[in-house]
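Numbered by numbering that gives the first Met the number 0, the letters in the sequence shown go through residues 0 to 455 in order.
Below is one structure; the comments refer to it alone.
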Amino acid sequence: MSNQQFPPRGQGYPQQHPQGQQPFGAAQGHQQPPPGQQQFQGHQQHFQGQQAYGQQGYGYGAAPAQPAVAAPAAQYAPMPQSQFMPVHPPAPVRRRRIAAEVVLLSLGTLALLVVVALFALSFGGGSTFQAFVLALIPLLIVGSAVLLVDRWEPEPRLLLIVAFVWGGGVAVFMSSLLNSVVGPALADALGTGLEPDAASAILGAPVVEEFWKGLGLLLIFLLRRRQFNGPVDGIVYASVIAAAFAFVENIQYFAVYEETVTGTFIIRGLVSPFGHLIYTSCMGLALGLASRSRNRAAWLWMMPLGYLAAALLHGLWNGLATFLGGGIGALVILVVFVNWLPLAVWAFIVFWLRRKEIEVLRSRLSDYVPSGWIAPHEVDMLSSLRARKQARDWASRGGPAGAKAMKEFQRAAVALAYARQDLYTGHTGIRARQDELVLLEDVGRSRAQFRAAVGA
0 MSNQQFPPRG QGYPQQHPQG QQPFGAAQGH QQPPPGQQQF QGHQQHFQGQ QAYGQQGYGY
60 GAAPAQPAVA APAAQYAPMP QSQFMPVHPP APVRRRRIAA EVVLLSLGTL ALLVVVALFA
120 LSFGGGSTFQ AFVLALIPLL IVGSAVLLVD RWEPEPRLLL IVAFVWGGGV AVFMSSLLNS
180 VVGPALADAL GTGLEPDAAS AILGAPVVEE FWKGLGLLLI FLLRRRQFNG PVDGIVYASV
240 IAAAFAFVEN IQYFAVYEET VTGTFIIRGL VSPFGHLIYT SCMGLALGLA SRSRNRAAWL
300 WMMPLGYLAA ALLHGLWNGL ATFLGGGIGA LVILVVFVNW LPLAVWAFIV FWLRRKEIEV
360 LRSRLSDYVP SGWIAPHEVD MLSSLRARKQ ARDWASRGGP AGAKAMKEFQ RAAVALAYAR
420 QDLYTGHTGI RARQDELVLL EDVGRSRAQF RAAVGA
């Protein structure tokens, strides 16, 4: 982009920038690659070997001597000093295989339809519909929190839908079959002397429900490793599965306890809607950390640890709810110490992980600054949700085409950072290198497109 003046405040990309940053597109001393440098051409091999990895850490520590990246072609380079150069024809669109999603989606949808049909037969259509409407309220509360967490690097919508129908369909259906079987069996094996109903709630539900929720999460991790590249991703997928499970379970509770639905709704829907999210997030966090480990088999012991934590928290809630009674004092103890306190810990962990994700993004995008694919001010822009929105507003001066191209640029750049991160952890190997090549092409092409749209 040229060094032209940006539009007045409120009409595009903003004039004020924190910490002395320059506007997106303004010259900051970044130089285009010399004309003689090698250009990026499709899927040409740009890597020159791989040396030993550096220090092991959370996933953003030093890792010297990673594969080199050639400089971009002039029309794909950031911060042009002259007029816009014509855009090359788009590269062929990659067709991502979705066979796994189709299978899981089919299983989940079928199970969900069976569960809804059973509810309608058991409780009647009117009661089921009323319970459905009430259950939407806690779902919206929990869903809003999940979407807020997912804003940083939005997960593929199809995978989120798969997670939802698995949690609300397969996990609910299988749990309804096994809770009353596993609970008493465990009570007898452990010699607890619990009544069947108490055993189902305290032992059966935590063990069975968290197993089936966790199985869906593990399938996403194993089958779609490229879309599961950090603890935040793990928490998002786990939270969607848990939100769907709680949604369908609430329909059942609100229909069963129709005569006292007001109190049940207040306790389950308003006071403690995040219970299942907290439990299942333990497994999401464990698998997310495993995705950043340099040991590819880390999930084999981290997932069981997450499952154990989820089952213990779930069992603690059900156990206290069973033995404390129905008094106000018991309810306060239950909600405050077994729901709200873990929720506060969950929120703190998510906030801390988001800060770490910013460090990962900045570090990996900075790898592309020396070669000219990414400019320093673009690293700053991409590392802030607010700055990303400001950049989209600025690009919208070029109409829908400019806004769309900027959105694609941001999506591709963020994905590029995580593909680069996969090279550091060594999890996806050749696939990460292939992703890097394609994403570099996407970054350069979309940048050229929004430059053309705004006439920069």
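We treat Cβ as the ideally placed atom computed from N, Cα and C, and that holds for glycine.
Owing to the predicted nature of the structure, the values given are computational and were not obtained by experimental measurement.
Going by beta carbon distance, what residues of the same chain come within less than 7 Å of Trp211, once the five residues before and after it are set aside? Beyond the five residues adjoining it in sequence on each side, Trp211 comes within less than 7 Å, by CB distance, of Val169, Ala170, Met173, Ser174 in the same chain, given in chain order.
Identify, in the order they occur along the chain, each residue of the same chain with its Cβ nearer than 7 Å to the Cβ of Ala119, setting aside the five sequence neighbours on each side. Counting only Cβ-Cβ distances below 7 Å, and skipping sequence neighbours, we find Thr127.
With respect to the alpha helix (DSSP H) encompassing Asn249, which residues constitute its N-terminal and C-terminal limits? 230 to 255
Does the Cβ of Leu288 have 16 or more other Cβ atoms within 10 Å, making it buried, or fewer, making it exposed? buried
Can you tell me the Cα-Cα spacing of Val425 and Ala69, whole angstroms? The question names Val, but residue 425 is Gly in the sequence shown. Their backbone Cα atoms lie some 21 Å apart in a straight line.
What is the DSSP secondary structure of Leu422, counted as helix, strand or coil? Leu422: helix per DSSP, three-state reduction.
Taking the alpha helix (DSSP H) that Arg350 falls in, what are its first and last residues? The sequence as given places Phe at residue 350; Arg does not occur at that position. Element bounds for Phe350: 340 to 365.
Do Gly182 and Ala198 have their beta-carbon atoms positioned less than 9 Å apart in this structure? yes
Helix, strand or coil: which one does DSSP assign to Leu323? coil
Residue burial classification, Arg156 (beta-carbon count within 10 angstroms, cutoff 16): Its Cβ having fewer than 16 others within 10 Å, Arg156 is exposed.
Tell me which residues share the same chain as Ala130 and place their Cβ nearer than 7 Å to its Cβ, disregarding the 5 neighbours each side in the sequence. Ile250, Phe253, Ala254
Could you check if Ser395 is buried or exposed, using at least 16 other CB atoms within 10 Å of its CB as the buried criterion? buried
Give the single residue among Ala242, Glu377, Leu436 whose Cα lies nearest to the Cα of Leu135. Ala242
Just checking my contact of Leu360 with Leu330 at CB under 8 Å: how many whole Å lie between their CB atoms? Their Cβ separation, rounded to whole angstroms, is 43 Å, which puts Leu360 and Leu330 out of contact at 8 Å.
Would the beta-carbon of Glu209 fall within 9 Å of that of Ala309? yes
Short of 7 Å in beta carbon distance, which residues of its chain neighbour Gly167, apart from the five on each side in sequence? Order them along the chain. Leu111, Ala243, Phe244, Phe246, Val247
First and last residue of the uninterrupted alpha helix (DSSP H) at Ile97: Taken as a continuous stretch (DSSP letters only), Ile97 belongs to no alpha helix (DSSP H), as it is neither H nor E.
Exposed unless 16 or more other CB atoms sit within 10 angstroms - verdict on Trp345: buried
Please identify the residue among Trp393, Val413, Arg430 whose C-alpha is closest to the C-alpha of Arg450. Trp393
Under 9 Å, do Leu319 and Ile332 count as touching if we go by C-beta distance? For Leu319 and Ile332, yes; Cβs fall inside 9 Å.
Nearest CA to the CA of Asp421: which residue from Arg224, Ile277, Gln389, Trp300? Arg224
Could you tell me which of Phe408, Val132, Gly326 sits nearest to Val260, measuring between CA atoms? Val132
Just tell me which of Ala447, Tyr423, Tyr367, Leu415 has its CA closest to the CA of Asp434. Leu415
Contact defined as beta carbons within less than 8 Å: I believe Val206 pairs with Leu185. What is the distance between those atoms, to the nearest angstrom? With a Cβ gap of about 7 Å, Val206 and Leu185 count as contacting.
Count the other CB atoms within 10 Å of the CB of Ala402; is the residue buried (16 or more) or exposed (fewer)? buried
Selection from Val368, Met405, Leu158, Trp372 that minimises the alpha carbon distance to Ala386: Met405
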